[in-house]
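Keeping their order, the protein sequence lines are chains A, B, C and D.
In terms of the working numbering, the first sequence opens at residue 3 and continues consecutively.
In terms of the working numbering, the second sequence opens at residue 3 and continues consecutively.
In terms of the working numbering, the third sequence opens at residue 3 and continues consecutively.
In terms of the working numbering, the fourth sequence opens at residue 3 and continues consecutively.
In this text, a Cβ means the ideal position worked out from N, Cα and C, and glycines have one as well.
Protein chains: 4
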Amino acid sequence: MKPEIFNEMIATRRQIHKHPEEGWTEFETTYLVYERLKALGYTKILKGTEVIKTDCVLGRDEQLVQKAIARAVAQGVPQSFIDAIESYTGCVGILETARPGPVVALRFDMDALRIEEADTADHLPQVLGFRSEYPGLMHACGHDAHTAVGLAVARWVMENKDRLNGTIKLVFQPAEEGVRGAWPMVQAGLFDDVDYVLASHCGGKAGPGEVALVHRGVLASTKFDIRFTGTPSHAGNQPHRGHSALMAACGTSMMLAGIPRHGDGTSRVAVGRLVAGEGRNITPVHAYIQAEVRGETAEVNEFMCENVRKIVMGNAMAYNVDYEIERVGDATTLDRCPEMIEALREVALGIEGVKVLDLKSPAGSEDFTWMGKRVVAHGGQCAFFRWGCRHNGHHKFHFDLQDTESMPVAFKMFTGYVNKMNGQN
Amino acid sequence: MKPEIFNEMIATRRQIHKHPEEGWTEFETTYLVYERLKALGYTKILKGTEVIKTDCVLGRDEQLVQKAIARAVAQGVPQSFIDAIESYTGCVGILETARPGPVVALRFDMDALRIEEADTADHLPQVLGFRSEYPGLMHACGHDAHTAVGLAVARWVMENKDRLNGTIKLVFQPAEEGVRGAWPMVQAGLFDDVDYVLASHCGGKAGPGEVALVHRGVLASTKFDIRFTGTPSHAGNQPHRGHSALMAACGTSMMLAGIPRHGDGTSRVAVGRLVAGEGRNITPVHAYIQAEVRGETAEVNEFMCENVRKIVMGNAMAYNVDYEIERVGDATTLDRCPEMIEALREVALGIEGVKVLDLKSPAGSEDFTWMGKRVVAHGGQCAFFRWGCRHNGHHKFHFDLQDTESMPVAFKMFTGYVNKMNGQN
Amino acid sequence: MKPEIFNEMIATRRQIHKHPEEGWTEFETTYLVYERLKALGYTKILKGTEVIKTDCVLGRDEQLVQKAIARAVAQGVPQSFIDAIESYTGCVGILETARPGPVVALRFDMDALRIEEADTADHLPQVLGFRSEYPGLMHACGHDAHTAVGLAVARWVMENKDRLNGTIKLVFQPAEEGVRGAWPMVQAGLFDDVDYVLASHCGGKAGPGEVALVHRGVLASTKFDIRFTGTPSHAGNQPHRGHSALMAACGTSMMLAGIPRHGDGTSRVAVGRLVAGEGRNITPVHAYIQAEVRGETAEVNEFMCENVRKIVMGNAMAYNVDYEIERVGDATTLDRCPEMIEALREVALGIEGVKVLDLKSPAGSEDFTWMGKRVVAHGGQCAFFRWGCRHNGHHKFHFDLQDTESMPVAFKMFTGYVNKMNGQN
Amino acid sequence: MKPEIFNEMIATRRQIHKHPEEGWTEFETTYLVYERLKALGYTKILKGTEVIKTDCVLGRDEQLVQKAIARAVAQGVPQSFIDAIESYTGCVGILETARPGPVVALRFDMDALRIEEADTADHLPQVLGFRSEYPGLMHACGHDAHTAVGLAVARWVMENKDRLNGTIKLVFQPAEEGVRGAWPMVQAGLFDDVDYVLASHCGGKAGPGEVALVHRGVLASTKFDIRFTGTPSHAGNQPHRGHSALMAACGTSMMLAGIPRHGDGTSRVAVGRLVAGEGRNITPVHAYIQAEVRGETAEVNEFMCENVRKIVMGNAMAYNVDYEIERVGDATTLDRCPEMIEALREVALGIEGVKVLDLKSPAGSEDFTWMGKRVVAHGGQCAFFRWGCRHNGHHKFHFDLQDTESMPVAFKMFTGYVNKMNGQN
């Protein structure tokens, strides 16, 4: 890759790293993407509610959004831009070559995590001065790099636009963490005309110099926020007057862990967080659970979801409390398109020094799967790959991906694939 | 008391002790009572469905009843008697003196327990040769003595009938264990005309030579049989197809134990038995729980009952199984009638060597309370006392009450009270 | 009472109300008490580590203490005062008359609660402008009034010092909420020479114009902070690597609720707060429980404590996590001294318009009980009374006690008792 | 196959079907096998403690064994035979040809299940008159057919002994249900010299005319009997004195269901039966759980076992009861020997009308796996196949395998394999 693209890509990644924004609050990032695409000469740029079907949005906290908007505006994002996107993040740049050829979509996610970044001397972002400037927020899963790769690819596409065919869509997705952002982008119709859709993630089981093609193992998943509301009472004088939301949450948690294994494939259930109660001697009124389930197939995942619902309802009845179940994230399984996997294998094998792996065992979840399923539904293809890096644990406060060493491979995979599919011979 | 009544009373107690019959199966005992009352000259003797309102009966197992009938008939109870009582046990002898005076009812219970009696050399019934002849059944709570006292009192009443006023009802109740038999006797109308109703129990906190007057502490109680029905599945191949009745029973048991204490008085909850499942590797289809709750007031008991219902329903929903809750026993609290208590105190103090106690702390439950409540409802009075004995634990396989030493006090209390209320001055 | 004392008492209560300080952080309040006592002419004033045995302190959070010190200093409390008390709150004023007579101690507690005070138009402190100025903190249990009464009594004592005998100790206790402060005051030896110790609380079951003498029902209580520490793991990829502190906390909570009732008296258990987990898809590493138990006797309370320990240890073992149990508060039962109760009855009946109640049923807990037990141990007496007020729920955000109408009764009770015990005839 | 062998095989199966014997009680069956082998001319027949290492035996109930011996003796099994086998079932017939060649072992299991057999007109054994004559026992998994096939193979081997090489071991195993019998046979040294060991099961996912070669999916498994012993107490008077074994069993069951999924492969856990408690109002003293775990690998199974142990210990501690964990069955995973699988494929394809399947997904468990592992450990090979049949559910009261249509395929597979390995060319 050209040194100037490389340098810009690394700089962009580090710039984004300093201002991490969690899902649905990527205002600075979306504005940066938008401004860059415009500067590169893209004439068709969709953003905000043009790419997000708002009534399909999951897990968006209006209070968080408003605080982030205030911060973004303070950082120089024009209020007019916020108005234009109607407070919804996400941006898509489209190059229509007017020449016959396939519609190829590339997905890049942009959101950060609620983690306080390490500030120790062995943490590269600290050492090199691009550690997060926002307390409690951190790009600890590499989406900063994903976005920077996307912008580098966008530059390459524009620089090569005269020798490309068909249409190329560069999709900058919000809220991948918690598998929230893909579904409303799909519902906005962005993928209805797409022939091939490609996405990637850094790290995971792929080490430095490795590209891993994903065949199986991306689990369908649903994320739940569960709330119980009970009745307070003084635990010393009138324990019988109280209805404990805390106890309902505990009963629920124990039963969730006990949902039977599924005979038809891998399943998962996790209760990751539970906050309940107001004070030591008051029957707890409020309880809040963050849970998630996963399944090797959509059917297995739905089996888990159905059990979650019954368990929550049952505990609410047993403890005489009110309940609310909110679906705050949703991902499906990855459709496997062998032809596209093989095309990517060829691209990868063409990159010097790259070793190719094939992944088949159960791993995490990705809401890119919704984009893939939509494209496959009308006869297209999808694929997902991992580009390796030296890292020491995703979602950890000392996560790093050794950008200069790892990101070029990602760039070459995306541009190589576009070249293969849209390049004029 | 006259030596011949004493001797007969002790002999009767030991005879009944040899043939213990559990609740609703007291066929031999009922027949014995009936025959004795008839022989004593009682002309008004009600029995079976005349004293039991059958549609109010709780906790009666038809299969047990049929087996007991077969055994009783084999022991010489005429089939015609079984037919006459329509398979319902219980008997009431009534003396109407035709002279003005109060209606006084005395309650004696007749049923035994499912306990295998001790056969060791330190167990008096074994040594003296009147140990239970029925395997797995035992009069381990002294109701054999209660019945024998009742018959001795019946003899005394008849011997003194010319100097008594008003009406005397001698009520021989079935199924006190599990608090089942009193309610259908009350519903049969037996106590609608009663002015004073009196009952007693041997032992408890009363030691030898003591009579304890009960002021408070008889807890209202409800007994539940709970059944869950799930869906079987092979636990290895298709665990997801099963719905476990066993897990619903376990969740229920844990939540039952966790019903909040009540601020207005003592409460109790017990899960005494749980049987679930068919085999190690099959999702359990059937689960059965024996539980009970108690309360210092009817309100506290009802609070417990309401929680039982919600917990069972909630677990059935959470585990997607069917449920059934059967109320198999019910007792209420003891109404306190100070005037009658004081009358009993006078009677007790008139018995040589007797010491009087006053009981006020929470103890067990008694369905005699329904009789008391009915009598109090129309302006009458009720009372309950304990006559002490040397014993080593009710409901234990080595229970004994030292009959010759303890039973005379009971006889003197009942006859003394009748004398006080119905005796001609 | 004299108008100037009345006016000052009400003003003091409202002043304290504006600056509520929770347990062990009562720096402004302690300084206010100290300055007032000094101004009144008390020459023997003990404070901080003079009245608190520091190694007996329970439930004191150093971080909270430091923050509160900073706030207090900003509000004008001299750093030298903080140094003098060695960061421990609490103050005792002592009048030694040098005339023979009993040592009478009066206890007044000073701490507030973590509650956000109501700001509605029906809330008197809001209307009259003395609502809490500290967000999230509120005198919602009337300890502001207790302290103000104590200072008014201190003034009356000094004004009457020439006609009083013996010794009068005015004990201003920190950290009564959570039953934390009394024990280290007792251990500091403050009550070793006391003949009579008296304390009170506003409200409860006592309505306006009522004084309630407490005979029974103050429950022994122990407060626990329970912490579990597990092992994190990605819930999607490696659920088997995680050991969930959250699940251990849920199992613990369910089992705590299920500790059996005690046959010898009232018991209580409450799990008031549970916070566990770090994120939706990470096996939870940290879990924190706030719990408490109570018992009608010290034995019942210890039975509950013993069960708490076993349950926590058992869950730690079952879930393979570490645990920590911290006892953060402790109260015992109230010793009943009939003679002192009757003396208080006389005082109360001497106050115009006051109606006297006798309380015997289970209610809350009080760590004043430790002071009482120490005094009784060496032959002295203790008592506790409630002075009524119109209120709408202790520990509620709209609690108020109608100070002008209710506080004078408290003042008259304390001064009346001192007059009775220490007044020269 | 020869008609006389076919007829005898069917008749033998039906004879065994009439007298089903559960694990470790196969006295009639062992005697029948022994007598047949002797009649066929086998000179080396090992039995009882010659083939079972008694101190390695799992899940053998001495009481059941004694009852079964009495029944067997009543059915004509000589007491001398019982003495000779020292009350341990199992029999092995060995043909040593004295010619060089491999040692081939064939395993046939003999035990029945505790199921009451169907007696309806649509149940073939009922219609044809060979329904179980033993109430509550049934060959509901086809081991009667396995044994009959084994004896038919034994006859074929003897009829062909002059044209066979090497050694052929015909292993008739007791107690396969509950995976109990294989381990002590392995420990007895029977497989130390075996080069190839083969076993089979009827039915499962293999339909009529199908032979299924098992590659993967035989789960390692451990069976547990768990017992808790608590302290009794009257639930009304002294609930605090009791320690409930029932509650410990319920807590254990809920936590067992909640053992985390394993990231490295399929796991299973089942609580199939729970019996606890003695009476409604007595704190339960005894609780008994039948549970099992499984794992795709031995490591996954051991992970489950380790959790079982910790959970049981943790609950015993939390509820202050004693515990006992008994391992009553154990199976490991199936070693995959591709060469032997292919050899079997050839044999199967040589049988007219047979279709061959390859099984790879998780299914049940088999303790034959211990035999396979021992043989593979010293360089040999093992394999397992299923021969299909029309059936309507293993372990169901109406199970049948359509013997005349399905058993010949099993016979041909075993004899075909022996012919292939030991036949002289």
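As assigned by DSSP and simplified to three states, the class of residue i
i: residue 93 of chain A; result: strand
i: residue 10 of chain A; result: helix
i: residue 49 of chain B; result: strand
i: residue 174 of chain A; result: strand
i: residue 192 of chain A; result: coil
i: residue 64 of chain A; result: helix
i: residue 233 of chain D; result: strand
i: residue 224 of chain D; result: strand
i: residue 287 of chain A; result: coil
i: residue 208 of chain C; result: coil
i: residue 203 of chain B; result: strand
Residues sharing a beta bridge with residue i, DSSP
i: residue 383 of chain D; result: D:198
i: residue 272 of chain C; result: C:294
i: residue 425 of chain D; result: D:166
i: residue 140 of chain A; result: A:115
Residue burial classification, residue i (beta-carbon count within 10 angstroms, cutoff 16)
i: residue 129 of chain D; result: exposed
i: residue 93 of chain A; result: buried
i: residue 111 of chain D; result: buried
i: residue 380 of chain C; result: exposed
i: residue 394 of chain B; result: exposed
i: residue 224 of chain B; result: buried
i: residue 82 of chain B; result: exposed
i: residue 143 of chain D; result: buried
i: residue 49 of chain D; result: buried
i: residue 375 of chain D; result: buried
i: residue 317 of chain C; result: buried
i: residue 351 of chain C; result: exposed
i: residue 150 of chain B; result: buried
Where the beta strand (DSSP E) through residue i begins and ends
i: residue 255 of chain D; result: First-last for residue 255 of chain D: 247 to 259, but that is the alpha helix (DSSP H), not the beta strand (DSSP E).
i: residue 331 of chain A; result: 324 to 333
i: residue 401 of chain B; result: From DSSP, residue 401 of chain B is part of no beta strand (DSSP E); its letter is neither H nor E.
i: residue 357 of chain A; result: 357 to 361
Residue range of the unbroken alpha helix (DSSP H) whose run includes residue i
i: residue 349 of chain A; result: 340 to 351
i: residue 213 of chain A; result: Segment 212 to 216 is the beta strand (DSSP E) holding residue 213 of chain A; no alpha helix (DSSP H) there.
i: residue 154 of chain D; result: 145 to 161
i: residue 312 of chain B; result: 300 to 321
i: residue 1 of chain C; result: The structure shown does not extend to residue 1 of chain C, since chain C is modelled only from 3 to 427, so the question has no answer here.
Complete beta strand (DSSP E) runs within the segment 76 to 129 of chain D (minimum length 3 residues, chain order)
93 to 98 and 105 to 111
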